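Residue numbers (the UniProt record's numbering): 1 to 375. Virtual Cβ for every residue (Gly too), placed ideally from N, Cα, C. The structure displayed is predicted, hence computed values, not measured ones.
Here it is, written out as C-alpha cells:
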C-alpha cells in the first residue's frame with residue numbers, strides 16, 4: 001500500500017504509475033472498498049493526509065486535508081455551533097475526502113443541497129501526476145470551469161483530492177421531528193409532498209416500511225414551535241402527527257438504509273412521485289426506506305438479479321448497487337448503465353484528466369469504455 005505524505009508526494013506516486021502503466025486505487029478510510037466489482041489494483045491510502053489547513057467560522061469556510069476523519073470534521077464545526085449542511089454520513093473511519101468523492105449526502109439534501117453544492121475548492125492530482133487547484137474559498141470568486149462539482153461524486157476516477165474547501169452553515173438552535181404512523185407508501189408520499197411544499201419549511205422528510213413518516217423542523221425555537229403547531233392542520237387530510245423524542249435511529253435508517261433486511265442493497269434515485277409505484281413493484285420480501293421526500297429509496301432483498309434496476313429505469317429513475325456478494329458485484333455494474341452518448345462523454349472527461357488510465361481499475365463497468373478511447 002502506498003501512503004503519500006502530502007500533495008507533492010502523491011503527485012510523484014501517480015506520475016510513476018502513469019510512466020510504468022500501473023493501476024492505482026485511491027482509498028480514504030476504506031469504508032466503501034466493497035462498492036463496485038472485485039478488482040486488483042495498487043492501493044494509495046490518503047489516510048495520512050490529515051489536518052485542518054484553515055477554518056474561519058465567521059466566514060463559514062473550512063479547508064481540510066482529505067484524509068481527515070469525517071467524524072473529526074463534524075466535531076470541529078459542531079464545536080463552533082456549525083455543521084456540514086448536506087448531512088454527510090459514513091461508517092467508522094470514513095474520511096471527508098472519501099465522503100466527498102462518493103457524493104454522500106443525508107436527509108437534509110432535499111432542502112440544503114448535495115455534497116457538490118458545498119464543495120468550494122480543492123487541490124488535487126490528475127492522472128498525469130500534475131497538481132492542480134480549482135475553485136476558491138468564496139463562491140463569488142469561482143470562475144471558469146467548476147471542477148469541484150465534477151470531482152464530487154467522481155469516486156476517484158479523474159483525480160486524487162489532497163485538500164478541499166467546504167462551506168459550512170450555522171447549526172439550527174432547535175430540531176424537532178414529527179411522526180405519523182401506519183401510512184401506506186402512497187399516503188406517505190402524499191403527506192411528505194404536502195409537508196415539503198407547505199410554508200412550514202420542513203427540512204427533511206422520510207418514510208419507513210412499517211408505515212412511519214418522519215418530518216424534521218429546524219431553526220430558532222419560536223419559529224420551530226410555530227411551524228410544529230401549524231403542521232398538524234396542514235396535513236389533517238393526510239395523517240395525524242405527534243412529536244418524536246428519540247428520532248435519531250429512525251432517521252439513520254431512512255438516511256442510510258441501515259437495518260434493512262437483505263444481502264443485496266440498492267440505492268434508487270427517481271422522481272419522488274414514482275416512489276410508491278417502485279415499492280409496489282418490488283419483489284416479494286424486499287425491504288425499503290424512503291428519504292428525500294421519496295427521491296431516494298433504499299431497497300434491500302436477497303435476490304441477486306437486477307430486477308430493482310429495471311423497475312427504477314421504467315419509472316424514470318436509476319439504481320446503484322451498494323452492497324452484494326462478490327459474484328453479483330462482478331456481474332452487475334455498480335452504476336446504472338448510461339445511454340451510449342452520455343457514456344462516451346463521461347469516458348472522454350475521465351480520459352482528459354487521466355490519459356494513461358492510471359485510475360481505471362476495473363471497479364466500474366464503464367472503465368472498459370475508457371480504455372477504448374485514444375489518449
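Let's test the definition: count the other Cβ atoms within 10 Å of the Cβ of residue i and tell me whether it reaches 16, buried, or not, exposed.
i: residue 366; result: buried
i: residue 345; result: exposed
i: residue 240; result: exposed
i: residue 216; result: buried
i: residue 375; result: Its pLDDT being 43, under 50, residue 375 is placed unreliably in this model, and the coordinates cannot settle the point.
i: residue 220; result: exposed
i: residue 370; result: Bear in mind that a pLDDT of 48 at residue 370, under 50, signals an unreliable position, so the number given afterwards is only what the model happens to contain. The residue in question, residue 370, is buried, as its Cβ has 16 or more Cβ neighbours within 10 Å.
i: residue 222; result: exposed
i: residue 283; result: exposed
i: residue 27; result: buried
i: residue 13; result: buried
i: residue 18; result: buried
i: residue 261; result: exposed
i: residue 92; result: exposed
i: residue 34; result: exposed
i: residue 109; result: buried
i: residue 360; result: buried
i: residue 297; result: buried
i: residue 11; result: buried
i: residue 173; result: exposed
i: residue 275; result: buried
Tell whether a beta-carbon distance below 7 Å holds between residue i and residue j.
i: residue 341; j: residue 39; result: no
i: residue 353; j: residue 126; result: yes
i: residue 49; j: residue 162; result: yes
i: residue 255; j: residue 306; result: no
i: residue 272; j: residue 257; result: no
i: residue 153; j: residue 103; result: yes
i: residue 205; j: residue 192; result: yes
i: residue 74; j: residue 168; result: no
i: residue 95; j: residue 119; result: no
i: residue 198; j: residue 244; result: no
i: residue 58; j: residue 86; result: no
i: residue 46; j: residue 97; result: yes
i: residue 322; j: residue 267; result: yes
i: residue 218; j: residue 175; result: yes
With H, G and I counted as helix, E and B as strand and the rest as coil, what does DSSP make of residue i?
i: residue 370; result: Residue placement at residue 370 is flagged as unreliable, the pLDDT there being 48, under the threshold of 50; a coordinate-derived value is accordingly withheld.
i: residue 358; result: coil
i: residue 318; result: strand
i: residue 12; result: helix
i: residue 375; result: Summary for residue 375: the model assigns pLDDT 43, below 50, so the residue's position carries little reliability; its value from the coordinates is reported in the next sentence. Residue 375: coil per DSSP, three-state reduction.
i: residue 272; result: helix
i: residue 20; result: helix
i: residue 45; result: strand
i: residue 308; result: helix
i: residue 31; result: coil
i: residue 84; result: coil
i: residue 128; result: coil
i: residue 26; result: strand
i: residue 313; result: helix
i: residue 294; result: helix
i: residue 280; result: helix
i: residue 451; result: The first residue shown for the chain is 1 and the last is 375, placing residue 451 beyond what the model contains.
i: residue 115; result: helix
i: residue 386; result: Since the first residue of the chain shown is 1 and the last is 375, residue 386 is not available in this structure.
Could you spell out the range, first to last residue, of the alpha helix (DSSP H) harbouring residue i?
i: residue 111; result: 109-112
i: residue 353; result: 340-353
i: residue 186; result: 185-196
i: residue 77; result: 70-78
i: residue 148; result: 147-151
i: residue 39; result: Run containing residue 39: none; DSSP gives neither H nor E here.
i: residue 331; result: 326-331
Which residue comes first and which comes last in the beta strand (DSSP E) that contains residue i?
i: residue 3; result: First-last for residue 3: undefined, no H or E at that position.
i: residue 381; result: This structure cannot speak to residue 381, because the chain is shown only from 1 to 375.
i: residue 288; result: 287-291
i: residue 54; result: 52-56
i: residue 124; result: 119-125
i: residue 98; result: Residue 98 -> not in any beta strand (DSSP E); alpha helix (DSSP H) instead, spanning 96-102.
i: residue 63; result: 61-65
Per the DSSP calculation, residue i is bridged to which residue(s)?
i: residue 171; result: Answer is none; residue 171 lacks a bridge partner.
i: residue 301; result: 264
i: residue 204; result: 216
i: residue 364; result: Bridge partners of residue 364: none, in fact.
i: residue 244; result: 177
i: residue 157; result: DSSP, once it has assigned bridges, lists no residue as partnering residue 157.
i: residue 422; result: Since the first residue shown for the chain is 1 and the last is 375, residue 422 is missing from the structure and cannot be characterised.
i: residue 133; result: 123
i: residue 323; result: 265
Does the beta carbon of residue i come closer than 7 Å to any beta carbon on chain D?
i: residue 200; result: This model lacks chain D altogether; it includes just one protein chain.
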